[in-house]
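Below: the structure, in C-alpha cells.
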Amino acid sequence: MSDNIITRSNQRTIFDSWQSISISLYMTLAGYAVLVGVPVISTAWVNLLGFSEVEVGRVAGADLGGLSAGAIFAAIVIAKVNRRVLIIVSALIAMIANGLCIVIVDYESVLWLRFIAGFGAGIYTAVAVATLGATSKPARAFNMMLFLFAFSQGLEMHFLPKLSMSGIYIVFICAYAISLPFVKWVPPRPIDKIPDNNTKAEESFSTDKLATQQVPAYVPWLVLAAIVATYTNIGAYWTYIEIASANPEFSTANQELVGWVLTVSSFFSLVGCLFATLLSNRFGLARPLLVTLITHALIVALLANGITDWKIIASVFMFNTLWIFIDVYQMATIANVDHTGRFASLMPAAQGLGQIIGPIAASSILAAGLGYSGLFIMCAFASLTGMLIYAFMYIRLKATIPALADAS
C-alpha cells in the first residue's frame, strides 16, 4: 500500500443521478434496520423468545458481527463484482435467514441465523454506502442518510414493539424485497469521473485546499479504528438500555416513559444532524468531534449508579443527538479523503465490528456479576478510546497538513 492517498476531485459522475442516490439511501435504511432498532429487538428476544440478558448480548453481537463480516467481504470484491449482483445475492441471504428465524427459535440456531442475516445485510449496506461515497459530494449524501436515519429509527422504536417476533422479521424481509425491482438504478461498477459542463464545481475548503495534497494513508484507517471504538459504546448501550431500564434492581424508571423517550429522542436527533453540520462549517470536523466524544462518555456514565426517570430522559436524548454528531463527523472525514469508495464501504464493517464487541463485552460483564454499572462504565471508556484516537490524529495532522486537520 502506498504511504499516501489523494483526495477526491469535485466532478459529477453517474453516481450523482437521483436514481442512484435514492435507492442507495433506501438501502442504507434497510441494511441498518437491526442496528438502529436493536433496543426493541433485544427486548423482543427476551420477552417473546425467552432469551436471557446474556444470550441477548450474544445474539445481537452475532447479528451485527455478521454485518461487519459482510461489509469486509463487500470491500474486497466490490471493485471486481457487479454491484447489482451483490445486492440481489445479499438481499436473498438476509431474507432467507430472517425467514428461517420465524420457524426456528432455539437460542443456538437463532445465534447462527442472525449472523447469516447480518452477513447479508453487511454486503447489502456496504454496497449502498460505497455508492453514496462515490458521489461528487459524499459528505452531503451521508448527511442526507443520517437525516433519514432519524425518521427510520423513530418509526422502528414506535412500531416494532407492537409486532410479534415473526412480524418483526417479516418487516425486515419486506424491506429488502422492496429494493430489488430498483436494483438497476445502482451503477454496476466503478467508473471514471465524467465532467458535467452544466454543473460548476463547488469552491469548498476541503476540495480546494486538499485536492492538491497527498494525505497519509493512515488517516482513513485511524478513522475506521475510532468508529470501532465509538460503536463499541453504541452497541452495548443501545442493546441494553431498554433491558436495563426494566430491571427493578437497577432502575426506578417508568416503563411507559422509557418507551416514549426511545421514540421521541430518535426524531430529536434531526436537530443533532443539522447542528453538527453548522458547527463543522465553523470549527471544522475534528474539534467538535473531540468534545462530542467526551460528552458522550459522560452521559453514558451518568447511568452507572442506576436509572431514574430524569436520568433516562437526559441520557437517551443526549445519546441520540450526539450519536448523529459523531456519525456526521466520522463519515465526512472519510468523504474528505476517500475517492475510491473503498473506505466508505468499510464503514459498515467498522460499525458492525464495534457492534459485536459492545454487546458481547456487555454480556460478559453481566455474566461476571459486574452488573449494569460495569456495563455503562465500559461504554464510557469505549467512547474515550475513540476520542484519544482522534486526538492523536488531529495533533499529527495539525503539524503536517493543517488544512486537513481543520477541514469541514
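For the sequence shown, counting from 1, position 280 maps to 290 in the working numbering; every step adds exactly one.
Where a beta carbon is used, it is the ideal one built from N, C-alpha and C, also for glycine.
Distances from the CA of residue 338 to each of 280, 129, 381 and 317 were compared; the closest alpha carbon is that of 280. In the three-state reduction of the DSSP assignment, residue 82 falls in the helix class, which pools H, G and I.
Around the Cβ of residue 184, a 10 Å sphere holds fewer than 16 other Cβ atoms; the residue is exposed. Excluding its 5 nearest sequence neighbours in each direction, residue 403 has C-beta neighbours in its own chain below 6 Å: 232, listed in chain order. Out of 77, 397 and 121, the CA that lies nearest to the CA of residue 100 is found in 77. Excluding sequence positions up to five before and after residue 55, its CB lies within less than 7 Å of the CB of 61, 66 and 69, all in the same chain and listed in chain order.
Ranked by how close their Cα comes to the Cα of residue 135, the residues 119, 95, 80 and 144 have 80 in first place. For residue 69, the secondary structure class from DSSP, reduced to helix, strand or coil, is helix. Taking every protein chain shown into account, the CB of residue 92 has fewer than 16 other CB atoms within 10 angstroms, so this residue is exposed. Going by C-alpha positions, residue 372 is about 9 Å away from residue 249. DSSP, reduced to helix, strand and coil, places residue 261 within a strand of the structure shown.
In the DSSP annotation of this structure, the continuous segment of the alpha helix (DSSP H) that includes residue 49 starts and ends at 43-59. Excluding five sequence positions before and after residue 247, the CB atoms of its chain that fall closer than 8 Å to its own CB belong to 310, 329, 368, 386 and 389, given in chain order. Shown here, residue 198 sits in coil according to DSSP, grouped into three states, outside any helix or strand. Among the bridge pairs identified by DSSP, residue 317 is matched with 261. Counting C-beta pairs with one atom in each stretch, the segment 94-114 and the segment 263-283 have fewer than three that are closer than 8 Å, which means they do not touch.
With a cutoff of 7 Å on beta-carbon distance, residue 400 and residue 300 are scored as near each other.
The shortest CA-to-CA distance from residue 396 to any of 321, 305, 318 and 322 is the one to 305. Beyond the five residues adjoining it in sequence on each side, residue 289 comes within less than 7 Å, by CB distance, of 298 in the same chain, given in chain order. Pairing residue 334 with residue 271 gives a Cβ-Cβ distance that is not under 7 Å. Residue 258 counts as exposed, since fewer than 16 other C-beta atoms from the protein chains shown sit within 10 angstroms of its C-beta. A residue is called buried when at least 16 other Cβ atoms come within 10 angstroms of its Cβ; residue 124 meets this threshold and is buried.
Counting along the chain, residue 108 sits inside the alpha helix (DSSP H) bounded by residues 93-113. In this structure, DSSP gives residue 23 a state outside helix and strand, which the three-state scheme calls coil. Counting C-beta pairs with one atom in each stretch, the segment 20-33 and the segment 182-197 have three or more that are closer than 8 Å, which means they touch. Rounded to whole angstroms, the Cβ separation of residue 171 and residue 50 is 5 Å, and the two are in contact under 8 Å. Here DSSP, grouped into helix, strand and coil, assigns residue 249 to helix. In this structure residue 144 is buried. Its beta-carbon is surrounded by 16 or more other beta-carbon atoms within 10 angstroms. Assigned with DSSP and collapsed to three states, residue 294 falls in coil, not helix or strand. Rounded to whole angstroms, the separation of the alpha carbons of residue 228 and residue 83 is 21 Å.
In the DSSP annotation of this structure, the continuous segment of the alpha helix (DSSP H) that includes residue 176 starts and ends at 175-189. Cβ contact annotation for residue 138 (same chain, cutoff 7 Å, sequence separation greater than five): 34, 37, 38 and 41, in chain order. With respect to residue 365, residue 74 sits close: the two C-beta atoms are nearer than 7 Å.
For the alpha helix (DSSP H) assignment, the uninterrupted runs of no fewer than 4 residues enclosed by the segment 114-175 are, from N- to C-terminal side, 117-143 and 148-169.
Per DSSP, residue 396 is one residue of the alpha helix (DSSP H) stretching across 381-410.
Inclusion of residue 317 and residue 383 in the CB contact set at 7 Å is not warranted, their separation being larger than that value.
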